[in-house]
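Peer 1: Adding 249 to a residue's 1-based position in the sequence shown gives its number in the working numbering. Just so you know, even glycine gets a beta-carbon here, dropped at the ideal spot from N, CA and C. Here it is, the structure in full.
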Amino acid sequence: IILASHKLTKQDQCLRIAILNAALCLFVSIFRSKQRQRQFHRCTWMTVFKETWPRFSRPGISMSLVESKDGIQCFTFEHNRDYQQVQFKFLDAVESMDPNNFVVLLQLNPYHIDSLLQLSDVCRIQEDQETARDLIERALYSFECAFHPVFSLTSGTCRLDYCRPENRAFYLVLFKHMIFLEKRGCPRTALEYCKLILSLDPDNDPLCMLLIFDFLCLRCREYTTLIRLYEEWEVHRNLSQLPNFSFSVALSYYHLSQQEDISPVENQQLKQKSNVLLQNALIMFPGALMPLLDLCTVQPDAVVSSHAFFGPSSQIGQPPALLELVSLYVGRCHSLWKEAGLMLWLEENVRKGLKRVDSQDPYLEDCQNKRKQRYQSAPRNIHRHVLMSEIKEATATLPLEVTTQPGMGFDPLPPLDSIVSYIRPERYDLNALNTLSLFFRSLLPNFNLQRPEDRQEVARAGRELNQEVNRLMVAMRDMLANIQFREPQWENNHERDEEEWD
Numbered sequence: 250i251i252l253a254s255h256k257l258t259k260q261d262q263c264l265r266i267a268i269l270n271a272a273l274c275l276f277v278s279i280f281r282s283k284q285r286q287r288q289f290h291r292c293t294w295m296t297v298f299k300e301t302w303p304r305f306s307r308p309g310i311s312m313s314l315v316e317s318k319d320g321i322q323c324f325t326f327e328h329n330r331d332y333q334q335v336q337f338k339f340l341d342a343v344e345s346m347d348p349n350n351f352v353v354l355l356q357l358n359p360y361h362i363d364s365l366l367q368l369s370d371v372c373r374i375q376e377d378q379e380t381a382r383d384l385i386e387r388a389l390y391s392f393e394c395a396f397h398p399v400f401s402l403t404s405g406t407c408r409l410d411y412c413r414p415e416n417r418a419f420y421l422v423l424f425k426h427m428i429f430l431e432k433r434g435c436p437r438t439a440l441e442y443c444k445l446i447l448s449l450d451p452d453n454d455p456l457c458m459l460l461i462f463d464f465l466c467l468r469c470r471e472y473t474t475l476i477r478l479y480e481e482w483e484v485h486r487n488l489s490q491l492p493n494f495s496f497s498v499a500l501s502y503y504h505l506s507q508q509e510d511i512s513p514v515e516n517q518q519l520k521q522k523s524n525v526l527l528q529n530a531l532i533m534f535p536g537a538l539m540p541l542l543d544l545c546t547v548q549p550d551a552v553v554s555s556h557a558f559f560g561p562s563s564q565i566g567q568p569p570a571l572l573e574l575v576s577l578y579v580g581r582c583h584s585l586w587k588e589a590g591l592m593l594w595l596e597e598n599v600r601k602g603l604k605r606v607d608s609q610d611p612y613l614e615d616c617q618n619k620r621k622q623r624y625q626s627a628p629r630n631i632h633r634h635v636l637m638s639e640i641k642e643a644t645a646t647l648p649l650e651v652t653t654q655p656g657m658g659f660d661p662l663p664p665l666d667s668i669v670s671y672i673r674p675e676r677y678d679l680n681a682l683n684t685l686s687l688f689f690r691s692l693l694p695n696f697n698l699q700r701p702e703d704r705q706e707v708a709r710a711g712r713e714l715n716q717e718v719n720r721l722m723v724a725m726r727d728m729l730a731n732i733q734f735r736e737p738q739w740e741n742n743h744e745r746d747e748e749e750w751d
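Next up, the structure:
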């Protein structure tokens, strides 16, 4: 083939052309085969598809525009019939209390959102943070592929109603992804996700993102952002009544006063502003000082610890809701107070605050009245935020009506006014008892099929039987899961590709 053309006979030249054509056809065939096997993934903003993930196909989630009014667009996620059936199987897996059932369900439906959420919690509890984070990112990718063309992450005008169960999973995925980002040392990105969650329903704030907004601003040194939100929302949201904002805004002014590129006059103004705000925060929330010093491993001054205002009575006399908010702030933000110079600044203002207390400052009585009137019971979204944050200092203060009711990680404290779009069918029909259930019931004494209580006993025996069968099925599925099947090559089906990318 490589011989010069003038040295080849006519027959050799024809042979050479035939070989070159055959090689070219072989190359084209191999290239097309590779193209058929290759899957093109949608360009997303929040996360990137990983090659280690299962092949993506739409799981049955879509988004529709519900209403557009005054520049605000209200959207909702929707589940098709197939996804609803998977959701019912997921609820069966939840009732089985066996994490292996979630694994089996995800093997068949690798992009089912609630299964990804639940299994992520299991992995996180088992300290497998990488897998837990990967499952949340997979759920986030699945949601983003279902976005409506008009839905925007940055406009601030798109709303999602938390009362709809289909929307709640998106809130939870964003929240958990934000927490993972903060723990990985990406507080600025986590702050952007916090803003996104808050923009989806700023009026109701179902996950109470205002309780973590200040922490993320301080973590990424966005002091002016925090102060601006405080000044704009204080009038209609009373942010000064939240311990985290009272202390964090004062802390922001202090950090701004420590910057080197400001004039001495501005430095003095910022320092004075921070002192007044910190003293007001200490007088309004005296129960925060001792727990804060304890977590910072700082021994308080004898004058301070023995004073009635900051002593044990300040802890015991706090209303339940206030204790929950203070414990949440101290448990989350105590690390921010360990920076150099902050304890000296805190000590200075504690002494000034005590002087105001001893002199019966009028602000003291105003704060006492507010504590008695405004913190008797916390709203449901605050309890939900505490549950999801998993800060032990705060979870220990949750009321019994929250801790005693069954809670699910995929839907913590659902709203009391939920908008249900589809209902899970009854699993057991007491009027249509099968032969096996009747057999088990007939072994019990005083069996009478006509009595309602006997029918309830039959249903209970059937549930126990189903649980045993489920355990057997899980064992069989685990055995089958260990058998690795080679994924078949996808044919060149343009209709399937269009279906995935619409």
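1. How many angstroms separate the CA atom of Asp410 from the CA atom of Pro308?
2. Determine, using beta-carbon pairs with one atom in the region 400-407 and one in the region 374-391, whether at least three such pairs fall under 8 Å.
3. Rounded to whole angstroms, how far is the Cβ of Leu421 from the Cβ of Leu366, which I believe are closer than 8 Å?
4. Suppose contacts are defined by Cβ-Cβ distances below 8 Å. Is Asn630 in contact with Leu456 by that definition?
5. Quick one: Cα of Leu354 to Cα of Glu650, how far?
6. Would DSSP call His397 helix, strand or coil?
7. Taking buried to mean at least 16 other C-beta atoms within 10 Å of its own C-beta, is Arg753 buried or exposed?
8. Is Met539 helix, strand or coil when you go by DSSP?
9. Can you give me the Cβ contacts of Gly528 inside the same chain, cut-off strictly under 7 Å, excluding the 5 residues immediately before and after it?
10. Using the Cα positions of Cys263 and Ala271, report the straight-line distance between them to the nearest angstrom.
11. Considering only the alpha carbon of each residue, which of Met592, Ser512, Gln654 lies closest to Leu542?
12. Under 8 Å: do the region 335-347 and the region 625-641 share three or more Cβ pairs, one atom per stretch?
13. Once the 5 residues before and after Leu440 are set aside, which same chain residues still bring their CB inside 7 Å of it?
14. Report buried or exposed for Phe652, applying the criterion of at least 16 other Cβ atoms within 10 angstroms of its Cβ.
15. Kindly give me the distance between the Cβ atoms of Gly536 and Gln567, rounded to whole angstroms, as I take these residues to be in contact under 8 Å.
16. Can you have a look at Leu269 and say buried or exposed, based on whether 16 or more other CB atoms are within 10 angstroms of its CB?
17. Please classify Ala551 as buried or exposed, where buried requires at least 16 other C-beta atoms within 10 Å of its C-beta.
18. Among Leu430, Thr296, Asp370, His556, which has the Cα closest to the Cα of Ala657?
19. Where does Met657 fall in DSSP's three states?
20. Using CA atoms only, rank isn't needed, just tell me which of Trp482, Trp594, Leu585, Pro492 is closest to Ser523.
21. Would you kindly work out how many angstroms separate the C-alpha atoms of Ile385 and Leu445, rounded to a whole number?
22. Would you identify the three-state DSSP class for Ser554, choosing helix, strand or coil?
23. Tell me whether the beta-carbon of Thr293 lies closer than 8 Å to the beta-carbon of Glu393.
24. For Arg408, which residues of its own chain have a beta-carbon under 8 Å away from its beta-carbon, when the five flanking residues on both sides are left out?
25. For the candidate residues Pro674, Ser506, Phe659, whose alpha-carbon lies nearest to that of Lys425?
26. Grab the span of the alpha helix (DSSP H) containing Leu440 for me, first residue to last.
27. Could you check how far apart the C-beta atoms of Met458 and Cys435 are, in whole angstroms? I think they sit under 8 Å.
28. Determine, using beta-carbon pairs with one atom in the region 509-521 and one in the region 543-563, whether at least three such pairs fall under 8 Å.
29. Taking DSSP's pairing of strands, which residues face Arg203 in a bridge?
30. Does DSSP put Leu269 in a helix, a strand or coil?
31. Rounding to the nearest angstrom, what Cα-Cα distance links Asn358 and Glu379 in this structure?
32. Is it true that the CB of Glu573 sits closer than 8 Å to the CB of Ala627?
33. Can you give me the start and stop residues for the beta strand (DSSP E) that Glu316 sits inside?
Peer 2: So, from the data block:
1. The alpha-carbon atoms of Asp410 and Pro308 are separated by roughly 22 Å.
2. These segments do not touch.
3. Right, their Cβ atoms sit about 6 Å apart.
4. Yes, the pair counts as a contact, with Cβ atoms nearer than the cut-off.
5. If you take the alpha carbons of Leu354 and Glu650, they lie about 32 Å apart.
6. Under the three-state reduction of DSSP, His397 is assigned to coil, being neither helix nor strand.
7. What is shown of the chain runs 250 to 751, which leaves residue 753 out entirely.
8. Annotated three-state conformation of Met539 is helix, per DSSP.
9. At residue 528 the sequence reads Gln, which differs from the Gly that was named. Asn598, Lys601, Gly602, Arg605.
10. Taking the straight line from one Cα to the other gives about 12 Å.
11. The shortest Cα separation from Leu542 among Met592, Ser512, Gln654 belongs to Met592.
12. As far as the Cβ criterion goes, the region 335-347 does not touch the region 625-641, which means the pair count is below three.
13. The answer, listed in chain order, is Leu465, Cys466, Cys469, Glu471.
14. Note on residue identity: the sequence assigns Thr, not Phe, to residue 652. With fewer than 16 Cβ atoms within 10 Å of its Cβ, Thr652 is classed as exposed.
15. Contact flag correct, Cβ pair sits at about 5 Å.
16. Taking a 10 Å sphere around the C-beta of Leu269, we find fewer than 16 other C-beta atoms and assign the residue as exposed.
17. Ala551 counts as exposed, since fewer than 16 other C-beta atoms from the protein chains shown sit within 10 angstroms of its C-beta.
18. Correcting the residue identity first, residue 657 is Met in this sequence and not Ala. Selected option, being the one with the closest Cα: Asp370.
19. Three-state DSSP puts Met657 in a strand.
20. Ranking Trp482, Trp594, Leu585, Pro492 by Cα distance to Ser523 puts Trp594 first.
21. Answer to the nearest angstrom: the Cα atoms are 17 Å apart.
22. When DSSP states are grouped into helix, strand and coil, Ser554 belongs to the helix group.
23. Inclusion of Thr293 and Glu393 in the CB contact set at 8 Å is warranted, their separation being smaller than that value.
24. Only Ile321, Gln322, Cys323, Phe324, Leu449, Asp450 meet the Cβ criterion.
25. Measuring C-alpha to C-alpha distances from Lys425 to each of Pro674, Ser506, Phe659 identifies Phe659 as the nearest.
26. Going by DSSP, Leu440 is part of the alpha helix (DSSP H) stretching over 436-449.
27. Not confirmed; about 17 Å, so no contact.
28. Taking one beta carbon from each stretch, the region 509-521 and the region 543-563 have fewer than 3 pairs nearer than 8 Å; the two do not touch.
29. What is shown of the chain runs 250 to 751, which leaves residue 203 out entirely.
30. Here Leu269 sits in helix by DSSP.
31. Answer to the nearest angstrom: the Cα atoms are 21 Å apart.
32. The beta carbons of Ala627 and Glu573 sit closer together than 8 Å.
33. Its beta strand (DSSP E) spans residues 310-318.
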